[in-house]
Structure formats: C-alpha cells, structure tokens
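If you're matching positions, the sequence shown starts at 16 in the working numbering and goes up one per residue. Each remark here refers to the structure printed beneath this line.
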Amino acid sequence: MSSPTAEKDRSGGGPERSLPLIMVLPVAAFLVACLYELLASSSAVLEASSVRVTGTLLVCCSIFSCLCWLAKWLLGFGGQVAAVARALISEATRTRVAPAFLAVLFSALAALALFHSPETPVRYLLQGYLSYSLAITSVLAGLLTLLLSCRTLSHEIEAKLIETLAVKPVGRGSYLAGKWLGLVVLNGILLSVAMSAIYIFSVHHIATLPPRDEKDAEAIEEEILTARDLVSAQAHPPVAEQVETELLGKTRAAIERLAHKGHRHSHADEAEEELDEAASLDGARKYLLKHLLRRSRSIAPGKSRSFSFEGLGELREGGSPLRVRYRLASQPGRALASHELTVTMSGGGRKAAFTPAGIGYFELDPSSIDESGRLRITISNPADSPRTVIFSSRNGLEALRARNGFTGNLLRALLVVWIKLSFLSMLGLLCSSFLGFPVAVLLCGLVLLIASTSPFLLQAADMGGSADSPGGFFEVFATTTTQALANGLGRYSEFDPGLRLIDGRQFSWSELSRCFLWIGLLWTGLSGALATIVYRRRELARIQV
C-alpha cells in the first residue's frame with residue numbers, strides 16, 4: 016500500500032468523484048420508497064415486499080457511501096494517525112473488499128426478510144430474523160476485520176512498502192494507531208448500515224405482517240419489540256439455605272451416599288471409591304443443590320411453592336399493576352394444565368389466578384411490595400390438577416420492572432459487537448506484526464474461536480476432568496490448557512446481547528460500560544501495547560522468512 020501522502024495526492028479528488036453517486040443513491044431510494052407507498056395503497060397489488068426490500072437496500076447503500084465520504088473528509092483534517100486511517104479506508108473501498116462483504120451482508124439480510132412461511136406466527140419470524148441477522152452481521156464483520164487487520168501490515172512488510180514510511184514520515188506507534196483507527200471507523204460504518212437494515216426489515220417489514228391471532232400481535236409488541244427490565248424470581252427460602260439445612264440433619268454415611276449418587280451418571284464405578292470427609296461433603300452439596308433447584312421450579316398437585324422478587328421499590332409507589340411473566344418447561348407428549356393456579360402475596364394483597372399456557376402473564380397488586388422493594392408470593396397447584404407444573408430453568412418466572420425502547424436495545428447490542436471488533440482489529444495487528452498473513456489469520460481465528468465457545472469448552476473440560484484418575488500427560492495438558500484459555504477469554508462470550516434482544520430483555524448501559532472496560536480498554540490496550548513493543552523491535556529492512 017502506498018503512503019498516506021501519496022494516497023492523498025492520488026485520491027485527492029476522491030470525494031468529488033464519489034459525490035454524484037452519493038447524490039444519486041438517496042434520490043433513487045426516495046423514489047423507490049414513494050413507489051412502494053403507492054403500490055401498498057393499491058388494492059390491485061397483492062405483494063410489495065420485494066419493492067420495500069429494494070428501497071431499504073438503496074437507502075443502506077446511500078448511508079454507506081455518505082459515511083465513507085464523511086469519514087475520509089473528517090480524517091483529512093487530522094495528523095499522521097488520521098492520515099494512515101484514511102489510507103486504510105480508501106484501500107478497503109478502492110479494492111472492493113468492504114463493498115463485497117457489504118453486498119453479501121445485504122443479500123443475507125434481504126433473503127431472511129423475504130423468504131418466510133405464511134403459516135408461521137409473526138413473532139417467531141421476527142425472533143428468527145433478529146437472531147440470524149445479528150449472527151450473520153457479527154460473523155461477516157469479524158471475517159472482514161480478521162482479513163484486513165492481518166493483511167494490511169503483513170503485506171506492506173513483505174512487499175517492502177513500509178521501509179521508507181514507518182521510520183521518518185510516520186512513527187511506528189503512530190502507524191499502528193492509524194491502522195487500528197481506520198479499522199474501527201470502517202467497522203463503525205458497516206455496523207451503522209447493518210443496524211439501519213436490521214431495524215427497517217424487522218420493525219417496518221416483518222412486524223407489519225398480519226398476525227395470526229391476538230396473542231401473536233401482543234407478543235410482538237410486549238415481548239420482542241421492547242426492552243424490558245426483568246427481575247428473576249428466587250426460591251424462598253433460598254436454595255443455598257435449604258442445602259445447608261438438609262446437610263445438618265444427615266449422618267456421615269448419608270452424606271457419602273449423596274456424594275456417590277451425584278457422580279454416578281458419569282462414572283458408574285466411582286461409588287466403590289472411598290471419599291474423604293471434605294470430598295463427600297462437597298459432592299453431597301452439589302447433588303443437593305441441583306436436586307433442590309429442580310424441585311424449587313416444580314409444583315405438584317396439592318402443593319405450593321414460595322418465590323421472592325428483589326428490587327421492586329420503584330413499583331411500590333407507582334400504583335400500576337405488577338406484571339409477572341411465566342415460562343413453563345417443555346414437556347413433550349404431555350398436555351398443558353387446564354386448572355387455575357392461585358397466587359397469594361405475603362403483604363395481604365388480593366389473590367390472582369391464571370391458567371398456565373406455555374408463556375404468559377399474570378398481574379399482582381403492587382401494594383404488597385415491602386419497603387425494601389421485596390415481594391414474596393406463593394403459587395398453589397390445586398389437588399385435582401392432572402399434572403405437575405414445572406417452570407423453565409431459564410427465565411421461568413420474572414417480574415417486569417421497567418420497559419424501554421427496542422431501538423436503544425438494538426443500538427447497545429451493535430455497540431457490543433463494535434467493541435469486540437475493535438479488540439479483534441488490534442489482535443490482528445499484533446499477530447501480523449511478527450507473523451505472515453496465513454499464520455496470523457489462523458492464530459487470530461483460533462483465539463476468536465476459543466473466546467466465542469469458552470462456556471462450552473469449560474463445560475467439556477469439567478466433564479473430562481471429573482474422574483479421580485489423573486489420566487495421561489496429554490489429557491492433563493489439554494484439559495489444563497483449555498481451562499486456562501477459556502477462563503482468560505470468557506469475558507468475550509459473557510457479553511452477548513443477542514439472546515436478550517430477541518427475548519425483549521434490556522441490555523443496560525452499565526453492562527455496556529463493563530464490556531467497554533474489559534474488552535475495549537483492558538484487552539485492546541494490552542494487545543496494542545504488545546503490538547507496539549513487537550513492531551518497534553522488528554527489523555523492517557531485513558527479509559523475514
């Protein structure tokens with residue numbers, strides 16, 4: 016790649032040449048939008064979805080062109096770092112790398128929006144579109160970042176284009192900072208366009224399809240296109256206290272039996288092993304915790320369970336009814352309960368009743384919330400009920416504390432993706448500062464794979480290392496290495512707002528701040544410091560084999 020100065024001289028008229036395209040695309044998008052409104056209002060036209068999708072794609076193309084032109088224009092007023100960033104953006108757009116990825120992204124988003132079954136409820140179509148569109152956007156943006164960050168530095172070093180540039184005109188640290196800034200700005204442009212497309216397709220296309228019934232229409236507005244702050248129910252008394260109470264009344268032999276029973280599912284011969292007192296107590300505690308957690312979510316006929324919600328003080332003064340959402344566990348082959356469940360509150364409020372139907376709501380009197388913001392309820396299953404009611408282990412019983420907008424939630428979700436891409440950009444520059452392009456891509460891809468799948472790797476390592484026998488050297492080394500890498504990179508998969516977005520749950524600004532501190536500052540800063548140290552020590556004039 017040529018120097019920023021040469022690039023500026025060669026593309027100095029770049030904004031002027033691209034200006035007609037920037038003017039034409041919005042006009043074309045406006046005409047297509049007007050055409051769609053005309054067709055949609057005509058009873059003779061039965062299908063105008065393709066026209067709307069075409070208009071959306073033109074709008075997104077115009078946004079991409081305008082943002083690229085604006086970014087290069089603003090970076091033209093900066094110093095050395097901004098000049099390097101401007102050169103990288105110009106190279107990505109001139110070589111058609113970014114437009115190619117954008118075309119693939121638009122094709123995938125448009126295909127997901129157009130092809131759907133009319134028999135499928137709209138809420139499922141909308142959830143599926145949000146899930147797949149976010150995943151496709153993250154994967155394609157990650158691949159683009161991986162290729163650009165690993166190629167831009169290693170290619171210039173191998174082609175000896177950097178020998179006269181990174182010494183006197185631009186310092187090595189400034190050069191790396193400019194490369195990273197260019198990648199961050201380019202990713203910001205791509206994610207802005209992706210957010211526009213996802214928002215238009217989901218809110219103004221899929222959500223406007225005719226719902227199958229009233230429940231479908233309510234779910235779209237109340238469960239998906241919203242950002243609810245939900246408080247999960249806790250068993251009362253807490254399960255941890257129930258575990259300790261159970262252990263106090265058991266003998267040493269009973270504790271050993273519970274410990275062996277907890278390990279029997281994975282190692283049948285472990286029951287014959289002799290366990291010391293600490294191991295027996297720990298195994299019994301784990302078994303009781305799993306057993307009591309499962310039992311706390313089930314209500315047998317004629318039985319009742321108590322639950323508590325914390326942090327509801329703001330709703331106590333509001334006066335509006337408190338909505339509680341329930342989600343039943345999937346039980347294939349068994350019909351849903353047809354009897355009403357009774358809900359009583361500890362504060363003496365009026366009782367509530369509901370018939371469980373998979374996913375639903377019931378309302379409670381907020382006056383039963385105490386001064387500390389706690390609400391305790393008891394749910395009873397009638398004695399003549401034909402089945403046991405089991406709440407889901409994930410979001411089985413939750414109280415709605417607040418509701419915000421879907422747009423802000425989508426924005427925070429894509430900001431998390433942007434922060435992760437900024438770390439991936441610096442990681443690619445770090446690897447390419449001492450490795451060739453193929454090896455740098457493989458190393459970055461391996462780190463990204465471990466970071467994305469760290470929960471599954473930790474679970475597999477725990478299951479593989481649960482036996483008492485230490486195993487061979489390779490097994491111990493693989494388990495230890497996997498656990499160390501997955502624990503170190505576990506924060507990457509911890510901040511995943513995708514599941515919350517499709518479920519209508521709020522991803523708060525505080526969680527976004529934690530993601531920025533961990534990944535955006537700490538991880539990216541450490542990678543940048545290492546990249547600067549390695550790059551400054553590298554002898555650029557020597558051919559690297």
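We put the beta carbon where it would ideally sit given N, CA and C, even for glycine.
In the three-state reduction of the DSSP assignment, D518 falls in the coil class, being assigned neither a helical nor a strand state. In the same chain as I384, and ignoring 5 residues on each side of it, the C-beta atoms closer than 6 Å to its own belong to L327, R331, L390, in chain order. For G375, there is no enclosing alpha helix (DSSP H); the residue is found in the beta strand (DSSP E) stretching over 374-379.
Residue environment: E171 is assigned as buried (16 or more neighbouring CB atoms within 10 Å of its CB, all protein chains considered). By DSSP's assignment, R243 forms a beta bridge with R418, R520. Judged by beta-carbon spacing, C165 lies within the 9 Å limit of C459, meaning their Cβ atoms are closer than that value. Counting every other CB atom within 10 Å of its CB across the protein chains shown gives G420 a total below 16, marking it as exposed. For the pair R515 and A428, the CB atoms are nearer than the 9 Å cut-off. In the DSSP assignment, T357 is bridged to A368, S395.
Cβ contact annotation for L159 (same chain, cutoff 6 Å, sequence separation greater than five): F116, in chain order. For V432 against A113, the beta-carbon gap comes to about 16 Å, at or over 8 Å, which does not count as contact.
Inter-residue distance for E261 and H306 is about 12 Å (C-alpha atoms, whole angstroms). DSSP lists F322 as the beta-bridge partner residues of A250.
By the neighbour-count criterion, in which a residue is buried when 16 or more other Cβ atoms sit within 10 angstroms of its Cβ, T539 is buried. In this chain, the alpha helix (DSSP H) harbouring R552 covers 539-552. Taking a C-beta distance under 9 Å as the contact criterion, L201 and I104 qualify as a contact pair. The beta carbons of L140 and I221 sit about 6 Å from each other, so the pair counts as a contact at 8 Å. Annotation: the continuous alpha helix (DSSP H) that includes V112 extends over 112-129.
Take the alpha-carbon of H251 and the one of L303: they are about 16 Å apart. Straight through space, the alpha carbons of R300 and E325 are spaced by roughly 26 Å. Going by DSSP, V339 is part of the beta strand (DSSP E) stretching over 337-342. Inclusion of G203 and V99 in the CB contact set at 9 Å is not warranted, their separation being larger than that value.
In chain order, I151 place their CB closer than 7 Å to the CB of A123, counting only its own chain and leaving out the 5 sequence neighbours on each side. Nearest in C-alpha terms to L461, of all of P226, L439, D380, is L439. The continuous alpha helix (DSSP H) containing T108 extends over residues 95-109.
Here DSSP, grouped into helix, strand and coil, assigns I78 to helix. Separation of I392 and F130 (C-alpha to C-alpha, rounded to the nearest whole angstrom) is 45 Å.
In the three-state DSSP reduction, S313 falls in the strand class (E or B).
Leaving aside the five residues that flank C446 on each side, the residues in its chain whose CB is nearer than 7 Å to its CB run, in chain order, C165, A455, L458, C459. The way I'd put it, the region 365-384 doesn't touch the region 205-213; fewer than three beta-carbon pairs between them come closer than 8 Å.
Straight-line measurement puts the Cα of P453 at about 49 Å from the Cα of L412. The C-beta separation of L308 from I405 comes to about 12 Å, leaving the pair out of contact by the 8 Å criterion.
DSSP places G193 inside the alpha helix (DSSP H), whose first and last residues are 187-216.
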